[in-house]
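Student: Let me give you the structure first, and then I'll get to my questions.
Here it is, written out as structure tokens:
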């Protein structure tokens with residue numbers, strides 16, 4: 001089943017943004033997000049620097065640090081409507097620390113954010129976390145990526 005994805009891809013300003021643009025081509029990003037969708041979707045993906053990510057994380061989650069991905073979900077059915085905000089410098093640093101390629105880490109975080117946009121939540125309990133992680137592992141394997149955990 002092929003779902004329709006209306007994808008907007010935006011980049012803020014941060015060091016090494018060109019490398020992130022090279023990895024995050026629109027067809028590739030769509031290819032990572034679509035398998036994780038249960039319904040057609042309108043999703044905006046914005047890749048930002050640390051200042052913007054920290055400000056959003058503080059404003060919306062009360063956490064005063066830049067995080068790798070924030071999901072803002074507006075609708076889940078009959079279509080998914082969401083914004084995914086990724087912090088480029090954090091994603092790059094985590095990929096390096098975890099011995100992953102930037103591409104593999106972005107694939108994981110975009111699948112992860114897309115699942116959050118549909119109601120999956122790893123912070124509501126161990127069972128929910130295991131369910132979400134298992135789904136991420138399966139989706140990433142279907143895309144040719146190793147277990148991110």
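Numbering (UniProt numbering), first residue to last: 1 to 149.
Glycine residues also receive a C-beta, built at the ideal position from the N, C-alpha and C atoms.
Give the straight-line distance between the Cα atoms of residue 105 and residue 25, rounded to the nearest whole angstrom.
Tutor: Taking the first residue of the chain shown as position 1, residue 105 is located at position 105. Taking the first residue of the chain shown as position 1, residue 25 is located at position 25. Near 15 Å, if we compare the C-alpha coordinates of residue 25 and residue 105.
Student: So residue 10 and residue 44 are supposed to be a Cβ contact under 8 Å. How far apart are they, rounded?
Tutor: Taking the chain shown and counting its residues from 1, one reaches residue 10 at position 10. Taking the chain shown and counting its residues from 1, one reaches residue 44 at position 44. Right, their Cβ atoms sit about 7 Å apart.
Student: Put residue 46 into one of helix, strand or coil per three-state DSSP.
Tutor: Here residue 46 refers to the residue found at position 46 of the chain shown. Three-state result, residue 46: strand.
Student: With distances taken from CA atoms, which of 125, 64, 70 is nearest residue 46?
Tutor: Taking the first residue of the chain shown as 1, we reach residue 46 at position 46. Of the candidates 125, 64, 70, the one whose C-alpha sits nearest the C-alpha of residue 46 is 70.
Student: Quick one: does the C-beta of residue 107 sit closer than 6 Å to a heavy atom of the ligand GDP?
Tutor: Annotation note on the ligand GDP: not contained in the displayed structure, which lists no ligands.
Student: Are the beta-carbon atoms of residue 12 and residue 50 separated by less than 7 Å?
Tutor: Mapped onto the chain shown, residue 12 falls at position 12. Mapped onto the chain shown, residue 50 falls at position 50. Not in contact: residue 12 and residue 50 (Cβ atoms no closer than 7 Å).
Student: Using the C-alpha atoms, what's the distance from residue 59 back to residue 41?
Tutor: Counting from 1 along the chain shown, the entry for residue 41 is found at position 41. Counting from 1 along the chain shown, the entry for residue 59 is found at position 59. Their backbone Cα atoms lie some 25 Å apart in a straight line.
Student: Going by other Cβ atoms of all chains shown within 10 Å of its Cβ, with 16 needed for buried, is residue 138 buried or exposed?
Tutor: As a first step, residue 138 must be located in the chain shown, where it is residue number 138. Residue 138 is exposed by the Cβ-count criterion.
Student: Helix, strand or coil for residue 59 per DSSP?
Tutor: Along the chain shown, one-based indexing puts residue 59 at 59. In this structure, residue 59 counts as helix in the three-state DSSP scheme.
Student: Count Cβ pairs between the region 113-126 and the region 87-98 that sit closer than 8 Å; are there 3 or more?
Tutor: Output reads no: the region 87-98 does not touch the region 113-126.
Student: Whole angstroms are fine: how far does the CA of residue 128 sit from the CA of residue 150?
Tutor: The displayed coordinates of the chain run from 1 to 149. Any statement about residue 150 would go beyond what the structure contains.
Student: Taking the alpha-carbon positions, what's the residue 170 to residue 113 distance?
Tutor: The structure shown does not extend to residue 170, since the chain is modelled only from 1 through 149, so no value can be given for it.
Student: Below 8 Å on the Cβ atoms is my contact criterion, and I expect residue 36 with residue 84 to pass it. Report the Cβ-Cβ distance as a whole number of Å.
Tutor: Translated into the one-based positions of the chain shown, residue 36 becomes position 36. Translated into the one-based positions of the chain shown, residue 84 becomes position 84. At roughly 11 Å, the Cβ-Cβ gap does not stay under 8 Å, so residue 36 and residue 84 are not in contact.
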